[in-house]
Amino acid sequence: MLLSITKNIHEWLFSLMPENVASIVEMTIIAIIYLTGFAVAGLFLVLMERRIAAWFQLRRGPNRVGFHGILQTIADALKLVSKELTGTIKADKFLYNLAPYFVIITALLALSVLPFTQDFQAFDINIGILFLIAISSIGVIGILLAGWSSNNKFSLIGAMRSGVQTISYELSVSLSLLTIVLMTGTLQLSEIVEVQKNGWLIVQGHIPAVIAFMIYMIAGTAETNRTPFDLVEAESELGAGFHTEYSGMKFAYFFLAEFINMFIIASIATTVFFGAWLSPFGITESIPLLGIFWFLAKTFVIVFLMMWFRWSFPRLRIDQILTLEWKYLLPINLVNLVVMAVIVWLGLTIQF
Amino acid sequence: MEKILFYILAIIMIVFAVASVSSRKMLRSVVYLLFVLIGIAGIYFLIDYNFLAAIQLTVYAGGIIVLMIFSVLLIHHIEMELEVAKLLKKIITAIVCLAGLGIFLATIYSHPFNVIENSNSTTINEIGKGFLSYKAGGFILPFEVISVLLLAAMIGAIVIAKGTKKSEVGSPKSEE
């Protein structure tokens, strides 16, 4: 059904206009859809985080604006739009203004390759996972620039910590995804989903896949700079970390991008480990439109897991973070990779 | 469509390449260089070399530029500006650059390029097999040589990081 809608729009556009114009218009429409989804998802995730935090701390959380506080984050966003944009005097203005866009554009680029349903995927590139890793390695540049150009030592320290942390944990994210790629034999996300029609990869790969998933979740949480790895913006030490000097919409960009990054980490986990839009045991295989429901349901379960981490664990020290990555996760990951290779080689995967 | 995109990318790359060498603020030059590298990745995407483009983004934009930014963060204060070179140096550099550009342009315009009709994008399978095949056209030897080089670099880094005292005693017990 979704396919026929998009197909109809596609044909209608191309019948209306010359080919060049039509393709540009089509791209613009897709971009607008993604931007809208981006904003809505970001606002919803902020609300979800606050409600869940309240639930964990036995508070009520936002419940005044709209039905059970649904409109709270929209009100917050309106407030942020209307706020004055401040900055420090000796900041490097160009880089200071550029930094938020790095963070937000990389988040948007990553969204474009995710397979929300069979047909709802903007950019089905044949190196999907590699592209995601490449994009996520650029996001950190925005944080580093923001910290340096603010001309504030707390920002700078926050940015340095973020850099160290992101670069270290990127390794674990990539290696744990690579463990799964061993089973699929392809990097293209749509084909990875196709492989999972014989059982989700976390089931197919049993023990090593579960280990890979655990490592992925730890490293993913670290990469989004969330508690217990939120040294980047450790409130008790650094003010607000790298975005101390940002206000109004520029701050909102960082804030939104952080939540979208969490969503992206969860979506990648969904796609790679839990079969993306595939329904459990194929119960709704005949209704492809429900794919988006399954995708979002799985993603939000994982997002909930990450929020659960946040309100359960205390913050780690910087040396503990680096020890965890280099002395534990990395060796475990490498051994796990070899174990997975042996399992795939001997054909010990579980197939339905 | 592709033509327009190519020219947009090319202009971005040229403008930022010039900005990168002429900017007097160090971190700004690094960021301009980042834009040039992203532009190159864009060109790769345009000609369907997706793998190369992603590697370009990971290695250059994500790795080298982050490393550069890190070193700038460590050594450079925000109010510092780079010195302006002397006039003679500028002139010499300009001549050398123009000569290089001339050679490049002459080579490109004199070489007959063949237009390839079928543009299949290379798959990961082919790349992997190309890397590890030891038949004609395989890249196993360069691959291994580069890995030995990387190993040597790693050992060198460890030796330097260990400090001066131990570096004479603890010689690398490496290779393989």
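If you read the sequences in order, they're chains P and W. According to the working numbering, the first sequence is numbered sequentially starting from 14. According to the working numbering, the second sequence is numbered sequentially starting from 163. Don't be surprised by glycine CBs; every beta carbon is placed ideally from N, CA and C. Here the structure is a predicted model, which means the values were calculated and not measured.
{"Item": "Assigned secondary structure, residue 137 of chain P (DSSP; H/G/I helix, E/B strand, else coil)", "Value": "coil"}
{"Item": "Contacts of residue 161 of chain P in chain W (Cβ-Cβ under 9 angstroms)", "Value": "189, 231, 234, 235, 238 and 240"}
{"Item": "Closer than 9 angstroms to chain P by CB, residue 163 of chain W", "Value": "yes"}
{"Item": "Runs of alpha helix (DSSP H) lying entirely within the segment 185-244 of chain W, each at least 4 residues, in chain order", "Value": "188-208, 212-217 and 227-237"}
{"Item": "Cut-off 6 angstroms between Cβ atoms - residues of its own chain near residue 279 of chain P, not counting five sequence neighbours on either side", "Value": "312, 315 and 316"}
{"Item": "Beta-carbon proximity list for residue 144 of chain P, same chain, < 7 angstroms, skipping 5 on both sides", "Value": "126 and 138"}
{"Item": "Close Cβ partners of residue 73 of chain P (< 7 angstroms) along its chain, the five nearest in sequence each way excluded", "Value": "67"}
{"Item": "Endpoints, alpha helix (DSSP H) assigned at residue 33 of chain P", "Value": "32-69"}
{"Item": "Alpha-carbon spacing of residue 99 of chain P relative to residue 234 of chain W, whole angstroms", "Value": "25 angstroms"}
{"Item": "Partners in chain P for residue 227 of chain W, counting only beta-carbon separations shorter than 9 angstroms", "Value": "151 and 154"}
{"Item": "Cβ of residue 171 of chain W within 9 angstroms of any chain P Cβ", "Value": "no"}
{"Item": "Nearest-angstrom Cβ-Cβ length linking residue 328 of chain P and residue 245 of chain P, presumed shorter than 8 angstroms", "Value": "That belief does not hold up - the Cβ atoms of residue 328 of chain P and residue 245 of chain P are roughly 11 angstroms apart, past 8 angstroms."}
{"Item": "Proximal residues to residue 93 of chain P (C-beta, below 8 angstroms), its chain only, five neighbours per side dropped", "Value": "261, 262, 264 and 265"}
{"Item": "Within-9 angstroms CB hit, residue 276 of chain W to chain P", "Value": "no"}
{"Item": "Contact set between residue 33 of chain P and chain W, taken where Cβ atoms lie within less than 8 angstroms", "Value": "163"}
{"Item": "CB contact check: residue 178 of chain W to chain P, cutoff 9 angstroms", "Value": "no"}
{"Item": "Between the CA atoms of residue 315 of chain W and residue 323 of chain W - distance to the nearest angstrom", "Value": "12 angstroms"}
{"Item": "Short CB-CB distance (under 9 angstroms) between residue 107 of chain P and chain W", "Value": "yes"}
{"Item": "Neighbourhood of residue 206 of chain W by C-beta, 8 angstroms cutoff - its chain only, sequence neighbours within 5 removed", "Value": "212, 214, 215 and 218"}
{"Item": "Inter-residue Cα distance where the pair is residue 360 of chain P and residue 220 of chain P", "Value": "14 angstroms"}
{"Item": "9 angstroms Cβ cutoff met for residue 159 of chain P and residue 193 of chain P", "Value": "no"}
{"Item": "Burial state of residue 425 of chain P (16 or more Cβ within 10 Å)", "Value": "Here chain P has residues from 14 to 365 only, and residue 425 of chain P is not among them."}
{"Item": "Separation of residue 180 of chain W from residue 172 of chain W, as counted between CA atoms", "Value": "12 angstroms"}
{"Item": "Cutoff 9 angstroms: residue 100 of chain P Cβ touching any chain A Cβ", "Value": "Going by chain labels, chain A is absent from the structure shown, which instead holds the protein chains P and W."}
{"Item": "Coarse secondary structure for residue 289 of chain P, derived from DSSP in three states", "Value": "coil"}
{"Item": "Same chain, Cβ closer than 7 angstroms to residue 242 of chain P, neighbours up to 5 away in sequence not counted", "Value": "178, 234, 235, 329 and 334"}
{"Item": "Nonlocal neighbours in the same chain, by C-beta distance under 8 angstroms from residue 201 of chain P, ignoring five residues either side", "Value": "137, 138, 139, 140 and 141"}
{"Item": "Burial state of residue 129 of chain P, where buried means 16 or more other Cβ atoms lie within 10 Å", "Value": "buried"}
{"Item": "Cβ pair residue 237 of chain P, residue 275 of chain P closer than 9 angstroms", "Value": "yes"}
{"Item": "Beta carbon of residue 343 of chain P nearer than 9 angstroms to that of residue 150 of chain P", "Value": "no"}
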